[in-house]
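In full-length UniProt numbering, the protein residues as written are 1 to 328.
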């Protein structure tokens, strides 16, 4: 049990924070539903509770994926986080379908106009609080994302530049960031939908908003599923391969690279390198070079192990051509 708690401490804090915040938002929406009887608010309540459970599973999975390799699983448990994210995104897919279906239903049969303005503003107030809380989670997730990408995360960067570096974030962080991006924007759109529907007398407004939010969620389903499916199969990291190739080739004794592979294993990166050296170097000198280069590579974000081997320089420049062949 102690081992499990130690592993959970290494889990995604963005997922854990999002789970707690969404549970609290679900309670607020539940209270609003009890007070107003608004069916749409009931759906929002279920949506928030679903997100909370979903993100808690991602938190647990991201922690357990740090478990050390065993005799039965010699390559470790890194890809467990990809499996958990796929399970989580299936839940999001179900919620997306229900959101779109409910929206289409309200477009075909619009809800009657609410005459009690207090009830209207209770719903708007709850959505406004949800927006503030979701923005807080989004900021935290964006900050964690930029830290993982090795980029500056001060000021408003977690809400702006983080979108440019999503592909370099851990799977759990990316999932939370995308989910809360939709949740934050969705809260604003929902408020607009209520105002337009009730005060501009556009009965289908809330239904249209529901469909828009559902379609945004489907985009997340597609993006996260495809990326984590690739992670389960075993995916290379071209960005880190380019970076590590520069590190190796910048060493004055390295003449060329015959092979370089950076494999994603959940949150971890495994590096394999075959480099070429001059024939005149001794074994002791080669070992010193190996230790020096491996030390630099292990300092890079998410790199957990390095296997660096040497061959004698064959006089042909291979690495630029090898890199070109890897490009899709």
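Even glycine gets a Cβ: it sits at the ideal position worked out from N, Cα and C. Note that the coordinates shown come from a computational prediction; the quantities given were computed from them, not determined experimentally.
Proximity winner among the options, relative to residue i (alpha-carbon distances)
i           : options               : result
residue 17  : 271, 202, 143 and 208 : 143
residue 99  : 216, 20, 68 and 305   : 216
residue 236 : 136, 269 and 131      : 269
residue 243 : 293, 4, 225 and 278   : 293
residue 277 : 289, 291 and 255      : 255
residue 62  : 252, 164, 135 and 5   : 5
residue 185 : 44, 135, 50 and 318   : 135
residue 314 : 3, 300, 279 and 121   : 279
residue 263 : 13, 212, 125 and 240  : 240
residue 8   : 289, 176 and 67       : 67
residue 27  : 11, 44, 149 and 94    : 44
residue 57  : 309, 175, 274 and 317 : 175
residue 94  : 309, 173, 123 and 51  : 51
residue 307 : 275, 117, 316 and 301 : 275
residue 128 : 155, 29 and 309       : 29
residue 283 : 301, 261, 299 and 312 : 312
residue 14  : 158, 103 and 102      : 158
residue 310 : 64, 46, 281 and 297   : 281
residue 90  : 125, 226 and 22       : 226
residue 137 : 300, 305, 299 and 22  : 22
residue 35  : 126, 65 and 102       : 126
residue 251 : 261, 286 and 238      : 286
Any non-hydrogen atom of the ligand ZN within 7 Å of residue i CB
i           : result
residue 123 : This structure does not include the ligand ZN; it has no bound ligands of any sort.
Boundaries of the beta strand (DSSP E) in which residue i is found, first to last residue
i           : result
residue 271 : 268 to 277
residue 312 : 303 to 312
Contact under 8 Å by Cβ, residue i with residue j
i           : j           : result
residue 79  : residue 266 : yes
residue 220 : residue 179 : yes
residue 228 : residue 54  : no
residue 289 : residue 253 : yes
residue 85  : residue 224 : yes
residue 273 : residue 249 : no
residue 48  : residue 25  : yes
residue 187 : residue 130 : yes
residue 10  : residue 120 : no
residue 96  : residue 177 : no
residue 141 : residue 161 : no
residue 123 : residue 32  : yes
residue 319 : residue 246 : no
residue 181 : residue 106 : no
residue 118 : residue 207 : no
residue 155 : residue 301 : no
Boundaries (first-last residue) of the alpha helix (DSSP H) holding residue i
i           : result
residue 177 : 171 to 199
residue 27  : 13 to 36
residue 256 : First-last for residue 256: 254 to 265, but that is the beta strand (DSSP E), not the alpha helix (DSSP H).
residue 215 : 205 to 233
residue 168 : First-last for residue 168: undefined, no H or E at that position.
residue 82  : 80 to 108
residue 139 : 117 to 149
residue 246 : 238 to 249
residue 285 : 283 to 298
residue 2   : 2 to 8
Integer Cβ distance of residue i from residue j, believed to fall under 8 Å
i           : j           : result
residue 59  : residue 12  : 6 Å
residue 271 : residue 303 : 6 Å
residue 170 : residue 148 : 6 Å
Touch test, the stretch 178 to 193 against the stretch 68 to 82, Cβ-Cβ under 8 Å, three pairs minimum: no
contact_flag[the stretch 200 to 214, the stretch 58 to 73] where n(CB pairs < 8 Å) is 3 or more: no
The stretch 151 to 165 in contact with the stretch 108 to 123 per 3-pair CB rule at 8 Å: no
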